[in-house]
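Undergrad: In my numbering, the protein residues as written are 1 to 385. This is the structure, below, for whatever I ask next.
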Amino acid sequence: MTRILRVLTRLNVGGPAQHAVFLTERLQDADFTSLLAAGAVNREEGDMTWLATQRGVPVIPVPGLRNEAGRIADLRAFVNLYRLCRVHRPDIVHCHTFKDRILGAMAARLAGVPATVVTFHGTPFRGHFTGLTAKVVLSADRFVGQRLAHAVIAISERQREELIELAIAPPERVHVVRIGLDLRPLLSAERVRGELRRELGLSADALLIGAIGRLVPIKRLDDFLTAARRVLSSTARIVRFVVVGDGGERRALERQARELGIASHVSFLGWRYDLARVYADLDVVALSSASEGTPACLLEGISAGVPVVATGVGGVPDIVEDGVTGLLVPAGDPGSLATALLRLVNDAELRRQLGARGRKFVFPAFDVATLERNMRTLYRTLVRD
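Here is the structure:
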């Protein structure tokens, strides 16, 4: 039996947390046993510990492991990760985000763990950080990828090319394993269509455009609101916008909506865990991010048959082919985002076609069952080698 210790800096709302919980849940049998260890969620972030509880996955707390914690807390987290490795004696330690990649990989090596795997759900040194900080982050990830990790996982072909170009690890050590989410329940989301509209007091003929995710600067939701104003001023159709999620940018975004004069047309819904009800009533999912890995909101929306308009960043073009499974626009260009949204607002048949083709592309390719199968194969190869 192969023992896996999976480490995540925090179980905040997003694809990496779902990815980690689902893998831990499903790799529990005669071949594999899995543990999940995680640090604390920041106060302004949504906490997905409920998902682990729902799936029967115990979470081992790692004191000190959190974003922007400081050197003393980082040292504490490192010591605690080392102790976990010594106590549980995993065959593989698998780390998923920047902080745990660095601390977890070093702790695993010091504790004599046979194999270390690190996943890049995004590329933090591009978009998230600038200047000296970006250089430090890149150097740290190179150290892990070149010196400590036995396998580096990219979640898309495009990201694999980027990691190799940046010399994160030798090409033969960089593998592509797509992110996997529990998409099957969203395939029948239309069964609850109308419930969110009734909650919001919207008529059946109103078009509903949604942005889903953390309200943080990298998501560029200010561009989404600017595009929303242009859409509203360019069509006679009844169009409403929803922002699903929360975070440090919420107050600024609500203020921006008021200043743009569109506050009555935009609803900030906070964190929602009834995602089938949300996606069932959306006519378009919009993504305005400056940087992404493989966005969970696009996979979820497309699985529900909703057409998407997204910035062509990170791994987005690996799931959205412009004009085929969605529409792509440049990042940082609210005008282009508005134009693409208007195209879908005015063309119901295009919305239907993009939604149908997109669903066939993402399911089952990005479903959790496919993720499980691919990860089992990689783990078995590592153990054999």
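In this text, a Cβ means the ideal position worked out from N, Cα and C, and glycines have one as well.
Report, in whole angstroms, the separation of the C-beta atoms of residue 11 and residue 47, which I expect to be a contact under 8 Å.
TA: The Cβ separation is near 7 Å, so the contact holds.
Undergrad: Compare the Cα-Cα distances from residue 67 to each of 246, 102, 355 and report the closest residue.
TA: Among 246, 102, 355, the Cα nearest to that of residue 67 is on 102.
Undergrad: Taking the CB atoms as reference points, tell me whether residue 35 and residue 5 lie closer together than 8 Å.
TA: Cβ distance < 8 Å, so residue 35 and residue 5 count as in contact.
Undergrad: Compare the beta carbon distance of residue 425 and residue 192 with 8 Å and say whether it is the shorter of the two.
TA: In this structure the chain extends from 1 to 385, so residue 425 is not present and cannot be described.
Undergrad: What number of angstroms, rounded off, separates the C-alpha of residue 330 from the C-alpha of residue 312?
TA: If I take the Cα positions, the gap works out to 6 Å.
Undergrad: Considering Cα atoms alone, identify which of 229, 367, 186, 116 is closest to residue 385.
TA: For the residues 229, 367, 186, 116, the minimum Cα distance to residue 385 belongs to 116.
Undergrad: Taking three-plus beta-carbon pairs below 8 Å as touching, is the stretch 221 to 228 in contact with the stretch 270 to 289?
TA: As far as the Cβ criterion goes, the stretch 221 to 228 touches the stretch 270 to 289, which means the pair count is three or higher.
Undergrad: Can you give me the Cβ contacts of residue 167 inside the same chain, cut-off strictly under 7 Å, excluding the 5 residues immediately before and after it?
TA: Excluding residues within five positions, the ones whose Cβ falls inside 7 Å are 142.
Undergrad: Any idea which residues DSSP pairs residue 61 with across the strands?
TA: DSSP, once it has assigned bridges, lists 38 as partnering residue 61.
Undergrad: For the stretch 130 to 191, which segments carrying the beta strand (DSSP E) assignment without a break, of at least 3 residues, lie completely within its bounds, in sequence order?
TA: You should have 151 to 154, 174 to 176.
Undergrad: Which runs of the alpha helix (DSSP H) spanning at least 4 residues fall entirely within the stretch 261 to 290, listed in chain order?
TA: If we require 4 residues or more, the alpha helix (DSSP H) runs fully inside the stretch 261 to 290 come out as 275 to 281.
Undergrad: What number of angstroms, rounded off, separates the C-alpha of residue 210 from the C-alpha of residue 16?
TA: Roughly 21 Å between the two C-alpha positions.
Undergrad: With distance defined between alpha-carbon atoms, name the residue in 190, 120, 363 nearest to residue 158.
TA: Per the Cα distances, 120.
Undergrad: Should the stretch 161 to 177 be regarded as contacting the stretch 246 to 258, the criterion being three or more beta carbon pairs within less than 8 Å?
TA: With a cut-off of 8 Å, the stretch 246 to 258 and the stretch 161 to 177 do not count as touching, because too few Cβ pairs lie within range.
Undergrad: Going along the chain, which residues of its own chain have a beta-carbon closer than 6 Å to the beta-carbon of residue 195, five neighbours each way excluded?
TA: Within the same chain, residue 195 has close Cβ partners 277.
Undergrad: What are the uninterrupted segments assigned as beta strand (DSSP E) that are 3 or more residues long and contained completely in the stretch 189 to 238, given in chain order?
TA: Within the stretch 189 to 238, the complete beta strand (DSSP E) runs of at least 3 residues are 207 to 212.
Undergrad: Sort 363, 95, 261, 307 by Cα distance to residue 38 and report the nearest one.
TA: Checked all of 363, 95, 261, 307; the closest Cα to residue 38 is 95.
Undergrad: Just mark residue 259 as buried or exposed, buried being the case when its beta carbon has 16 or more other beta carbons within 10 Å.
TA: By the neighbour-count rule (16 or more Cβ atoms within 10 Å), residue 259 is not buried but exposed.
Undergrad: Taking the runs of the alpha helix (DSSP H) that are 4 residues or longer, which of them lie wholly in the stretch 38 to 107?
TA: Listed in chain order, the complete alpha helix (DSSP H) runs (minimum 4 residues) inside the stretch 38 to 107 are 49 to 54, 71 to 88.
Undergrad: Helix, strand or coil: which one does DSSP assign to residue 302?
TA: Three-state result, residue 302: helix.
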